[in-house]
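> Submitted below is the structure of interest, expressed as structure tokens.
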Amino acid sequence: MEQLKLTDLEINKTKPHNSNRLIVSFLRGGKPCPSIELTSKSARKAAEHQLLTKDLEHAISSIEFALSLYAERQPEDNNIVKYDKNNIDHLIKHNFILSSIITYGKCFATAKGRNARLPEQKLRKIIGDDLFAFHEQILNLRNNWVAHCGKSQMETAKTIFITDPLGEKAPEYICHTSFAAEISFEDLIIFCKLCKAVLNLNTSLQNEALSALNRELQKTDMHELLKSAKTKFFYHNEQLLDPQKNN
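Numbered per our numbering, the sequence shown finishes at 311, counting up by one with no gaps.
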């Protein structure tokens, strides 16, 4: 018998009134599918790799959208000079680039709680030294420019004491910043290539977890397992900033 595929299913999501919980049901032909949440280590690891897939696909989409906003390949120096925060295209491009850097960096964060990891040694072996060096640059941008207030070459602040060369006005001091609003078109192309390579690695690691899960299930009494089947699952148990907007 052919196995069910995700494309065979309709995923129904509802949210109770005044609740941040999301209720998810899986349907086929309009009928709810009796289902079991698998919670073994390999099952949790496979699910967490799907979170990484979600993040990497979001980063790729953000980069590709930012690339579409480049009217032409401009010299990198001009990116700082021409940026206008009141220009909606500039603002959108700037935020999509920052979003992609933050989201990519999230995939390599070391916060507790997740079983799924993307081993950087394995990544380096797959993508080579040059692309791995670019990966390290992106993480450095995330840590020292975009997400935290570290020191980077992407932004500078100076207090300047200025005198009037015409001699008409008294000297004054100003606090002035200069910053890079975006990374170059060429670097975005490389960044997109990097994200896709990391996505391939993540898929490979997820498949390893799924293979382990499959071996577990082969030893499981499915009839006994399905006695506890249900048709609704709860997601998002923690309070969100806006419980009206869940996915």
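Note that the Cβ used here is the ideal one computed from N, Cα and C, for glycine as well.
For R92, which three-state DSSP category applies?
Here residue 92 refers to the residue found at position 28 of the sequence shown. Reduced to three states, the DSSP call for R92 is strand.
> Tell me which same chain residues have a C-beta within less than 8 Å of the C-beta of L195, skipping the five on either side of it?
As a first step, residue 195 is located in the sequence shown; it is residue number 131 there, counting from the start. Taken in chain order, the residues that qualify are I254, K257, L258 and A261.
> Could you give the DSSP three-state label for F243: helix, strand or coil?
The residue labelled residue 243 in the question sits at position 179 within the sequence shown. F243: strand per DSSP, three-state reduction.
> How should S313 be labelled, buried or exposed, when 16 other C-beta atoms within 10 angstroms of its C-beta is the threshold for buried?
Only positions 65 to 311 of the chain appear in the structure, and residue 313 is not among them; the question remains open.
> For A244, count the other beta carbons within 10 Å of its own beta carbon; 16 or more makes it buried, fewer makes it exposed. Which is it?
Translated into positions along the sequence shown, residue 244 becomes position 180. A244 should be labelled buried.
> Which residues bound the alpha helix (DSSP H) around I100?
Within the sequence shown, the letter at position 36 stands for residue 100. Counting along the chain, I100 falls outside any alpha helix (DSSP H), and DSSP gives it neither H nor E.
> By alpha-carbon positions, which one of A234, F225, T227 and P98 ends up nearest to K291?
The sequence position of residue 291 within the sequence shown is 227, counting from 1. The option with the nearest alpha carbon to K291 is P98.
> Between which two residues does the beta strand (DSSP E) carrying N204 extend?
One-based indexing of the sequence shown puts residue 204 at position 140. Element bounds for N204: not the beta strand (DSSP E) but the alpha helix (DSSP H), E184 to L205.
> Give a single yes or no on whether Y299 has its beta carbon closer than 7 Å to a heavy atom of the ligand ATP.
This structure lacks the ligand ATP, and indeed carries no ligand of any kind.
> Would you mind working out which of Q201, A234, T241 and K233 sits nearest K222, comparing C-alpha positions?
Residue numbering aside, residue 222 sits at position 158 when the sequence shown is read from its first letter. It is T241.
> Tell me whether T295 sits in a helix, a strand or coil according to DSSP, three-state version.
Taking the first residue of the sequence shown as position 1, residue 295 is located at position 231. Correct three-state label for T295: coil.
> Buried or exposed: where does N264 fall if 16 or more other Cβ atoms within 10 Å of its Cβ makes it buried?
For the purposes of this step, residue 264 is identified with residue 200 of the sequence shown, where counting begins at 1. Classification of N264: exposed, given that the 10 Å Cβ count is below 16.
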